[in-house]
Amino acid sequence: MYKKIIIFIMRILNSFLTPSEVPVHYLSANVVLVLCAIFFLFLSPTLLHAQNDDDDLPDATREYIENIVSDSDSDFDFDGIFDVLRGYRRKPLNLNQATEEDLSDLRLLNGGQINALVDYRNQFGQLIDIHELQAIPQFDLETINRILPYVAVKKGVETFNVPVGKMLYTGRNDLTLRYTRNLELARGLKPIAEGDSSRYVGTPGRIYARFRHSYENRHSWGVTMEKDPGEEFFTGSNKAGFDFYSAHLYYRNISRTVKAIALGDYQVILGQGLVVARGYARRKTSDVTDIYNGGRAISAYTSINESLFFRGLGGTLALSDNITFTAFGSYKNRDAVAIDVGASDIDIDGANFSSLQTTGLHRTENELANKGGVREANVGGSLKYKTRRFHLAANGLYTKFDDEWQRRPDVYSQFRFTGDRIAQASLDYGIIFRNFNFFGETAYSDANVNGLATLNGLLIGLDRTVKLAVLHRYFQKEHNTIYGNPLAETTGGSNENGLYLGLDIKPNYSWQFSAYFDTWKHPWLRSSIDAPSTGYEYLIQATYRVKRKMNAYVRFRDEVKFVNAPDNETAFNYIIPRRRVNIRLHVDNKVSKVLELRNRMELVYFDNEVEPLSRGFMLYQDIVYKSIDIPFSFTARYAIFNSDTYDSSVYAYENDLIGFFSIPAYAYKGTRFYFNLRYKGIHNMTLEARFSQTYLHDRDFFSSGLQRIEGHTRSEVKVQMLYKF
């Protein structure tokens, strides 16, 4: 019987892969049938087992990660953080032996807290009990509760006598399968209509598969595969199946000398990110003093971004107790827009490219033509000297393309790197003096134009309740980087001078007051901004907590930056200030051990002095149910929103499938709901399903171009299986 049901489910899912026009109500009916089949199949008493919550983030951790994700950009490595936390939940980190890199790996402590813990250990020796954390400066109850599921206090020293072969074949295996698609077909997935010049070549579903083997947090190997909506699957350009494949083999702390080895795909963070910062790089968030980039130089890559990683070999060696050496090499294909020499207005010889593409999308003939258009080689490294209160590191990266990067002759890009090679070098430092933590990095880029960039910061623990952060940056317009990603208003570490101030006050467990102010200047033109410009941004947030009951905060955020005036009819472009104000009230209320209610109201005001003031509003109600008696849990949201324009839309984090997150824009006038269902009644297996739908009252279409969907509704269905063995 089960076999017939499974065949029935697979036939329905197979119908989703058909790119032809299918009525939405038919697909919705199929979704209901699939969910019903899964429901009855896995309610069988012969299959029920106790729930396993290894994959659930505790509430304190979830709230912290959500705040970071909500304020970060699309390059945030959520998969990597989730894997690390899941590993430490199974094998807690020993705080008596943890290095600064280990503590940074948690992503739950800022630089000041890490330094405070290490300094406390150096002064008083090993911790005796986990409750001793309360005696460490900058460790409040909220921070302690956040890290408790992932740390432990143990005596003794770390052992390195686990054979490499044992780590390779023993440990835990995780298999993840995920399928996603919109029920309504986008324009690019329909037959070509009159006037259309192209369409997507593939099927409408997103298919994701990942296998990962891990031994504690010391070893990992696995493969990740993905096909985006509109890409081909086992046909055309992807006869081998998926559009993107990523594989890695990673070891950490093999011995006292070999600190890390990475083979395949990996990510690198050096210094404060002026040369290399791909993975978890710091951004401006509501954790206003979390501005210090630390952690391990090389780590495994398990995400699905198809460009921001290295592919090859890398490693870190401890040459002595105080000196470490990191080296890495990479060779891979990059998506690039080739220049048509015959039609180009650039005077060049041979075929070259005008830009690198980072979307990873290969849905149309043009996108397929850009796929793997240029080969990129990287060689880099770092030599670091470190003592208890001081470190100094020399970092470098050399990048070579097999074709020349020839940018369009726009005025704003005349100081950007062109050619086929670029070299970058930097010095980064850190000094701890009492409650002061000084850090910074100065980098130099050598290409057709040579430039300097420097970033310097200070973290101060004024007392147990007050923390202050200061960060100054000076990036010359001639400074260029391919993989740099420092904390700044814009990415790339170029053409920006700025000052950031952050203040965090926690007078007691119940109250917390946070604020930051950031001001910047762009000395030269930027894309779509035809003059030097300035800007500023500040955030003020007050948070109130009732232990194990409620978490509420009110936030005010104001940002002003200059942009080109819209609908300009004069002979020359001119810039005007654009202001965006966000006011948010958010409440999490734990009604019981199994039920939590989350409410948010947010207002947005958008003004550019030329067009009428644009307003946005969003109100949502979340329900989170996690039973301790039955294997089902669910989260749901119902939201109403109304924005005058897309510029005044509201962005909100949404609970999604395990290992995944989404931050959609609530734009125009409408409603949105989603429902996530999780089932853990099968031993070592987690099944999830999600249905979401947006309804627009004032528009009868979504998006534009080939992504345009006709009608008032846009619906999405997701299913996922996680199997541990």
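Each residue of the sequence shown is one higher than the last, beginning at 560 in my numbering. All C-beta atoms, glycine included, are put in the ideal place defined by N, C-alpha and C.
Indicate whether residue i and residue j have their beta-carbon atoms separated by less than 9 Å.
i: E1247; j: V1278; result: yes
i: L1156; j: R1143; result: no
i: S1004; j: N1039; result: yes
i: L748; j: V710; result: no
i: T861; j: S779; result: yes
i: A877; j: R922; result: no
i: R512; j: Y1164; result: Only positions 560 to 1284 of the chain appear in the structure, and residue 512 is not among them; the question remains open.
i: P1045; j: L1017; result: no
i: L986; j: A953; result: yes
i: Q697; j: K1026; result: yes
i: R1085; j: N1054; result: yes
i: L734; j: R769; result: yes
i: L956; j: A982; result: yes
i: T702; j: Q656; result: no
i: A1111; j: V1146; result: yes
i: T848; j: A1028; result: yes
i: Y647; j: L668; result: no
i: Y1184; j: S1192; result: yes
i: L833; j: G1052; result: yes
i: G1132; j: R1116; result: It should be pointed out that residue 1132 corresponds to Asn in this sequence rather than to Gly. Contact: no.
Under 8 Å Cβ to Cβ from residue i, same chain only, skipping five residues before and after it: list those, please.
i: Y890; result: R870, G871, R934, E935, A936, N937
i: Y738; result: L572, F575, G764, R765, I766, Y767, K1277, V1278, Q1279
i: R966; result: S913, S914, S972, R975, T977
i: S757; result: G747, I751, T923, E924, N925, L1265
i: Q1252; result: R1231, F1232, Y1233, T1272, R1273, S1274, E1275
i: S866; result: R893, D894, L915, Q916, T917, G919
For residue i, is the classification buried or exposed, using 16 other Cβ atoms within 10 angstroms of its Cβ as the cut-off for buried?
i: W1079; result: buried
i: P750; result: exposed
i: V1209; result: buried
i: Q682; result: exposed
i: N925; result: exposed
i: T1129; result: exposed
i: E791; result: buried
i: Y728; result: exposed
i: F1284; result: exposed
i: T885; result: buried
i: Y809; result: buried
i: G931; result: exposed
i: Y1059; result: buried
i: L1281; result: buried
i: R1137; result: buried
i: F1034; result: buried
i: D880; result: exposed
i: E1269; result: exposed
i: D1203; result: buried
i: F868; result: buried
i: P1171; result: exposed
Considering only DSSP beta bridges, list what residue i is partnered with.
i: E1096; result: D1077, E1118
i: Y1227; result: According to DSSP, which records beta bridges pairwise, Y1227 is partnered with nothing at all.
i: L1216; result: In DSSP, L1216 forms no bridge with anything.
i: E1161; result: R1143, M1177
i: G1010; result: S1004
i: V1025; result: D1022, I1064
i: L829; result: None, per the DSSP bridge assignment.
i: W780; result: H772, L808
i: D987; result: A952, E1000
i: V817; result: L876
i: A1130; result: The partner list for A1130 (beta bridge, DSSP) is empty, contrary to what the question assumes.
i: D1166; result: R1138
i: M1059; result: First, the residue type needs correcting, since residue 1059 is Tyr and not Met in the sequence shown. L1030, D1077.
Please list, in chain order, all residues of the same chain as residue i whose beta carbon is under 7 Å from its beta carbon, the five residues on each side excluded.
i: P582; result: Reliability fails at P582, whose pLDDT of 41 lies under 50, so the model's placement of it is uncertain and no value is given.
i: Y774; result: M726, T729, G730
Going by beta carbon distance, what residues of the same chain come within less than 6 Å of residue i, once the five residues before and after it are set aside?
i: F1250; result: F1234, V1276
i: I1199; result: L1178, T1230
i: Y1042; result: V835, R837
i: N911; result: I898, D962, E963, Q965
i: E1118; result: E1096, R1139
i: E660; result: G854, R855
i: G823; result: A806, H807, L808
Any chance the CB of residue i is under 8 Å from a heavy atom of the ligand NAP?
i: W1083; result: Questions concerning the ligand NAP fall outside what the structure shown contains, since it holds no ligand whatsoever.
TODO: Return the chain-ordered ranges of every beta strand (DSSP E) run that is complete within the region 853-906 and spans a minimum of 3 residues.
DONE: 857-859, 869-877, 882-893, 895-897
TODO: Give, in chain order, every unbroken run of the alpha helix (DSSP H) that is at least 4 residues long and sits entirely within the region 948-981.
DONE: none
Open item on the list: List, from N- to C-terminal side, the alpha helix (DSSP H) runs of 4 residues or more that fit wholly inside the region 682-762.
Closed with: 700-706, 723-728
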